[in-house]
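Only one structure is covered here, and it is reproduced in the block below.
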Amino acid sequence: MNVFVTGGAGYIGSICTEELLNAGHQVTVYDNLTEGHRSAVDSRAKFIFAKPEIDGDILNAVKSTKPDAIMHFAANALVSESMTNPKKYFHNNFVNALKLADAAVECGVKKFVFSSTCATYGPPDKIPMTEDLPQRPINPYGEAKLMFEKALIWYQQIYKLEFIAFRYFNAAGASEKFGEHHRIETHLIPNVLFVALGKKPNCEIYGTDYPTPDGTCIRDYIHIKDLAQAHILGLAPGRTGFYNLGNGDGYSVKQVISMCEKIAGKKIPAIEKPRRPGDPPKLVASAAKAIHELGWKPQFPKLEDIVATAWAWHKKNPNGYPD
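Counting from 64, one number per residue, gives the positions in the sequence shown under my numbering.
Right, here's the structure in full:
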């Protein structure tokens with residue numbers, strides 16, 4: 064299958080591109096490199112530099128590629144930034160996504176795979192979280208993603224653009240070649256490992272008074288390669304709708320730090336800070352729908368394996384990508 068991947072120079076997009084190529088698909092990566100890295104794009108993929116300031120650029124790129132499917136990863140993803148600059152998030156994560164969907168319709172694309180988020184739910188009514196929970200996002204990042212989810216429902220109904228959307232929990236880990244390097248790093252595991260690498264004096268724990276066993280937030284971590292495999296399964300005709308991607312196991316911030324210490328073989332100092340606004344105490348997925356309907360089988364369900372692959376990549380690439 065010929066797959067057009069937006070945001071393929073980013074963390075998730077780069078490893079999904081690698082896995083698509085390993086599975087025998089042809090891939091074109093479309094990325095403006097504001098957040099991603101050119102060296103994170105697999106050399107087997109075709110690369111098109113995105114020029115968002117040029118009207119019609121995305122349509123021309125899709126037309127020239129003639130893809131069977133589009134995987135849409137390109138987005139801004141800093142929740143805190145979305146609270147101070149909502150315009151950026153609604154414009155890029157919704158308006159630009161609509162332009163891509165329009166291009167897909169015009170070019171006769173058979174399948175649209177959307178990178179969504181558990182942030183569309185907001186604080187959950189129950190744990191584990193299933194796809195039928197109410198969606199009440201509490202930040203513009205989650206709201207913009209939800210808006211595009213709703214648009215895809217109508218595009219499928221009216222324009223017959225078949226879609227599948229994956230609501231990620233906490234993607235983590237690495238492949239041998241590609242890993243996590245954000246220009247602004249907010250994710251827990253890499254920030255903890257930066258301390259083990261000597262790049263930071265300590266990591267931070269935001270809130271130790273949550274109603275959890277050790278007082279810190281609990282999150283569900285999914286290996287990036289397992290996430291990529293779900294996207295490949297989602298390419299099959301007739302597979303449509305919304306799917307959570309997580310492992311169904313929650314780990315606290317302190318448990319993650321302890322696991323990083325175990326894998327790195329080093330003590331990692333942590334500073335306790337006040338809670339961040341909007342952090343729910345516990346977010347854990349039910350991925351039963353993806354397992355039963357898509358035949359998805361996570362290969363790296365244990366936190367130890369997730370952290371070990373991340374540590375191996377960061378040790379090999381202590382400064383991340385060169386560009």
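Even glycine gets a Cβ: it sits at the ideal position worked out from N, Cα and C.
Cα-Cα separation between residue i and residue j, rounded to whole angstroms
i	j	result
ILE111	PHE257	32 Å
LYS213	PHE226	11 Å
GLU324	LYS330	6 Å
LYS223	PRO191	32 Å
GLY341	ALA293	29 Å
ALA124	LEU357	30 Å
LYS129	ALA164	14 Å
THR97	ALA375	26 Å
LYS189	LYS240	38 Å
THR249	PRO381	17 Å
LYS151	PRO337	27 Å
GLY304	LYS174	12 Å
ASP368	GLY119	43 Å
PHE153	MET322	37 Å
TYR74	ILE252	14 Å
ARG101	VAL176	22 Å
ALA334	PRO203	The sequence as given places Ile at residue 334; Ala does not occur at that position. Approximately 29 Å, taken between the alpha carbons.
PRO187	PRO332	31 Å
ASP466	ALA371	Residue coverage of the chain in this structure runs from 64 to 386, which leaves residue 466 outside it and unanswerable.
ALA140	PRO364	24 Å
Where residue i falls, given that 16 or more other Cβ within 10 Å makes a residue buried
i	result
TRP359	buried
SER127	exposed
SER178	buried
LYS379	exposed
ASP386	exposed
GLU169	exposed
PRO264	exposed
ASP195	exposed
SER145	buried
GLU82	buried
ALA299	exposed
PRO197	exposed
GLY236	buried
Nonlocal neighbours in the same chain, by C-beta distance under 6 Å from residue i, ignoring five residues either side
i	result
LYS317	ASP277 and THR279
ILE78	SER238, PHE241, ILE287 and ALA291
GLN89	ASN65
Where the alpha helix (DSSP H) containing residue i begins and where it ends
i	result
ILE190	Looking at the DSSP string, ILE190 is not in any alpha helix (DSSP H), and its letter there is neither H nor E.
ILE370	First, the residue type needs correcting, since residue 370 is Val and not Ile in the sequence shown. Its alpha helix (DSSP H) spans residues 366–379.
ALA167	159–169
TYR152	149–153
ASN254	251–259
ASP94	That residue, ASP94, is in no alpha helix (DSSP H); its beta strand (DSSP E) goes 89–94.
VAL125	120–128
GLY76	74–85
ALA113	No alpha helix (DSSP H) holds ALA113; DSSP gives it neither H nor E.
Three-state secondary structure (DSSP) of residue i
i	result
VAL347	coil
SER178	strand
ALA293	helix
GLY205	helix
LEU308	strand
ILE281	strand
ILE227	strand
MET134	strand
ASN265	coil
HIS286	strand
PHE211	helix
SER143	helix
ILE247	coil
THR183	helix
VAL316	helix
ASP299	First, the residue type needs correcting, since residue 299 is Ala and not Asp in the sequence shown. Note: ALA299 maps to coil in three-state DSSP.
GLU356	helix
ILE334	strand
Cβ-based neighbour list, residue i, same chain, cut-off 7 Å, excluding 5 preceding and 5 following
i	result
GLY205	THR180, ALA182, THR183 and GLY185
TYR273	THR279, CYS280 and PRO344
PHE157	ALA207, MET210 and PHE211
ALA353	ALA293, TYR306, ASN307, LEU308 and TRP359
Residues of its chain near residue i, where Cβ-Cβ distance is below 8 Å and the 5 sequence neighbours each way are ignored
i	result
ARG302	ILE227, LEU296, GLU356 and LEU357
ALA86	ILE295
Terminal residues of the beta strand (DSSP E) in which residue i lies
i	result
ALA234	233–235
Proximity test, Cβ basis, 9 Å: residue i and chain D
i	result
ALA214	Within the model displayed, chain D is absent; a lone protein chain is all it includes.
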